Each structure stands twice: as C-alpha cells, then as structure tokens.
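Taking the numbering used here, the leading residue of the sequence shown gets 1, the next gets one more, and so forth. C-beta atoms are modelled at their ideal positions from N, C-alpha and C, and glycine is treated no differently. The structure displayed is predicted, hence computed values, not measured ones. These notes are about the structure you will find just below.
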Amino acid sequence: MFPLFGLLAAVGMAAFVAMPLLAREGASASTLPVDVTPLADLKRRRLVVYENLKDLEFEYQAGKLAAPDYESLRQNYLGEAATLMAASQEAEQLKEIDAVLEHEIAARRASRRDRLPKDYVCPKCGFENPLPVKFCGECGAKTTHRSSLT
Ligand SMILES: [Zn+2]
C-alpha cells in the first residue's frame, strides 16, 4: 500500500508544482503578438538597452557608480544601441526587398493562373483543380470542363 500511496503523492505533488508553471506558460504564449518580426524584436531589444542606460544614469546620479565604471558601461550600452540600430536599418531594407519579392511572386502566380486552362479553374470558388474535372474538387460546383461530356 505504501509504495502506491507514495507514487500518488509524488504525482499529485508534481502536478501541483507544474500546474502554475504550465498555466503561466500558456498565458504568455497566448499574449505573444502574432507578428513577432525580427524588426519588432530589434526595437524591443533597443528599448531594453535604453532602459538600461536610464537605470545606469540614475545609479550614477545616486552616487552608486564610480565615474570610470559609469563611463565604460555607458559606452557598452551605447555601442549595443548603435549595433541594434544598424541591424534595424538592415532589417528595414530586407523588409523592403521582401515586399518587392512578394510582389514579384504574386505577379508570377497570377500569370501562372492565367496560363492555366480555364476548365481547371472553378468558376464559382476559383479553386485550381489539378486535373480537368467536371465538378470542382473544392466546392463541388460544375466546372466549365467539357471533355468528360463528349
Ligand atoms: Zn469550386
């Protein structure tokens, strides 16, 4: 009896300990913005550096830091901020390139659709059936394909 009781107690304990952790994990995952782009991440990191700089300034003003320490830490933070800033600019450029590429890809897709035989494309929902079909594979609507009738 005792080993079983011990096991149950252990499992219960583990669940008790893990539950709040799991709950918190779930909550933070659901509050995460859907669009965490590299650019947004860089901005967030830059804000952290600025916060650190402010704290540093505050501590220095409060006399908690020696001037040389303050100066070297400040240079570190400023260097980091500059790096992040440059990375942001790079990411911004990449974003523009991405937009151009996306446009290109969309145009290519559109032209591919134009080249597709009309009877592949459902007149109702626009689904591109991979084969000539009498009825749309997506919505079941009658397509304009006629070879199966002849
Ligand atoms: Zn359809």
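Buried versus exposed call for residue 122 [16 or more other C-beta atoms within 10 Å across all chains shown]: Walking along the sequence shown from the start, residue 122 turns up at place 122. By the 10 Å Cβ count, residue 122 comes out buried.
Paired residues, beta bridge with residue 124 - DSSP: Taking the first residue of the sequence shown as position 1, residue 124 is located at position 124. Paired residues: none, contrary to the question.
7 Å Cβ shell around residue 99 - same chain, five flanking residues per side excluded: Against the sequence shown, residue 99 aligns to sequence position 99. Cβ neighbours of residue 99 beyond the five flanking positions: none.
Residue-level contact to chain B via CB, residue 129, 8 Å cutoff: Looking at the structure shown, chain B is missing, and only one protein chain is on hand.
Residue 141 CB to nearest heavy atom of ligand 1 below 7 Å: The residue you call residue 141 lines up with position 141 of the sequence shown. Because some heavy atom of ligand 1 lies under 7 Å away, the Cβ of residue 141 counts as near it: yes.
Residue 54, enclosing alpha helix (DSSP H) - first and last residue: As a first step, residue 54 must be located in the sequence shown, where it is residue number 54. Where residue 54 is concerned, the enclosing alpha helix (DSSP H) stretches over 38 to 61.
Neighbour-count burial assignment, residue 136, 16 or more Cβ in a 10 Å radius: Here the question's residue 136 lines up with position 136 in the sequence shown. By the 10 Å Cβ count, residue 136 comes out buried.
At least three beta-carbon pairs within less than 8 Å, the segment 44 to 56 to the segment 84 to 95: yes
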